[in-house]
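For the sequence shown, the numbering used here gives the first residue as 3, with consecutive numbering after it.
Positions of the beta carbon are idealized from the N, C-alpha and C atoms, including for glycine.
Notes for the one structure printed next.
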Amino acid sequence: MHRVNDNEITVLDMFSGAGGLSEGFFRKGFKFIAHIEKDEYASKTLETRALYHSLKKNNMLDKYYEYLEGEISSDQLFDESEEFSKEISSGVFNIEISEETEKPLITQIQERMTEHDIQKIDVMIGGPPCQAYSIVGRSRKRMNEDPRNYLYQHYISFLKAFKPDLFIFENVPGIFTARNGTIFNDMIEGIKKMGYVTEHKILDAADFFVLQKRKRVVLMGWISGNGYKYPDFTREQHSYNVGNLLEDLPPLQLGAGCDGVQDYIRTFNRYLKESKIHT
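Right under this line is the structure:
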């Protein structure tokens, strides 16, 4: 893989949402070249979280804590952290991927790579909105009428354009049976024609210390012959529930809540300590 320096691997993040899939890559020090997300509020959340990681990396989190505690606004946070925030914001493309925007987006990202002297995208991640593939989503709208069915084709187009060494595609298990399985099969065939080896598993967030049973298909692909393989994951055994997550917060009576930072009644709760989410 091409590294910007000894510690950074380049990533293209598609259908980013608020950054749920992106977060793990942030924490491991990957270098994001671009994020693409059509929702304005999700894009802003993603920008803010990206700024958090930049400030943390440079030992400047005091400014972020001022924002969390309501001492400065979001705009002030970005203005006062301009040395990082300007670059972050320029890398978040708040736009819908469609037939009209696909080629211009690819060109813009290529220009961004040239500007930053980036030769290659190492990893591509993302998953189109899952409503069209979920069982509940299908019951609300006929599958053939929902254009989100075909967003995976844009994912394939970006694979062709950037040829990353590795990609990760995430979606709901319902994608296996969408349109009688033709969508998933068509996607796999299209990817294999580009020289990728693919493997997929259904992973449950509860097995990774998340307090929610949330099953998702995680498809991985890599260029044939590079020696990669799908990782083996160890299931996390625990008995925590949502109540354990909230045990360090004070009990509230109806109407007693308020905006802003709340006072904790004790230090990090047991769940956060063991999961290390607070780090």
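Integer-rounded CB distance, given that residue j should sit under 8 angstroms from residue i
i	j	result
L153	P130	4 angstroms
S45	N96	4 angstroms
F86	S56	4 angstroms
P166	M126	4 angstroms
E84	K65	With a Cβ gap of about 11 angstroms, E84 and K65 do not count as contacting.
L23	E201	Contact doesn't hold; Cβ gap of about 18 angstroms is too wide.
Residues near residue i in its chain [Cβ-Cβ closer than 6 angstroms; skip 5 each side]
i	result
R216	A207
A52	I90
F1	One cannot answer for residue 1 here, as it falls past the ends of the chain, which runs 3 to 281.
G262	G72
I204	P175, K217 and V219
R140	Because R140 sits at a pLDDT of 46, beneath the cut-off of 50, its placement in the model cannot be relied upon, and the following sentence gives the value as read from the coordinates. Answer for R140: no residue qualifies.
G257	none
L63	L57
Close Cβ partners of residue i (< 7 angstroms) along its chain, the five nearest in sequence each way excluded
i	result
G227	none
H4	Any reading at H4 needs caution, since the residue's pLDDT is 49, under 50, leaving its predicted position unreliable; the model's value is listed next. Here the set comprises T12, Q121, K122 and D124.
Y242	L213 and Y273
E49	I90, S91 and V94
A20	A44, T47 and L48
Y266	D250 and L251
E115	Correcting the residue type first, residue 115 is Met in the shown sequence and not Glu. Excluding positions up to five away in sequence, the list reads I35.
I190	T200
S277	F211
Alpha helix (DSSP H) segment containing residue i, residue limits
i	result
K46	E42 to K59
H156	L153 to F164
I111	E104 to E117
K65	L63 to L70
G22	G22 to R29
L274	R272 to S277
The beta strand (DSSP E) enclosing residue i, as first and last residue numbers
i	result
D15	T12 to M16
I90	I90 -> not in any beta strand (DSSP E); alpha helix (DSSP H) instead, spanning E84 to S92.
K33	K33 to I38
I120	Looking at the DSSP string, I120 is not in any beta strand (DSSP E), and its letter there is neither H nor E.
V125	V125 to G128
Chain C within 9 angstroms of residue i, Cβ atoms only
i	result
T184	In the structure shown, chain C does not exist; there is a single protein chain.
Own chain partners of residue i with C-beta closer than 8 angstroms, once the 5 adjacent residues on each side are dropped
i	result
I99	M16, F17, I38, K40, L107, L153 and H156
Y198	L161, F169, G223, W224, I225 and S226
T103	I97
Evaluate the contact criterion for the segment 69-80 versus the segment 15-26: three or more CB pairs, one atom per stretch, below 8 angstroms.
no
Could you name each continuous beta strand (DSSP E) segment of 3 residues or more that falls completely within the segment 166-245, going from the start of the chain to the end?
168-173, 198-206 and 217-225
Given 8 angstroms, three or more beta-carbon pairs between the segment 233-253 and the segment 270-277:
yes
Could you tell me whether the segment 101-120 touches the segment 31-39, where touching means 3 or more Cβ pairs closer than 8 angstroms?
yes
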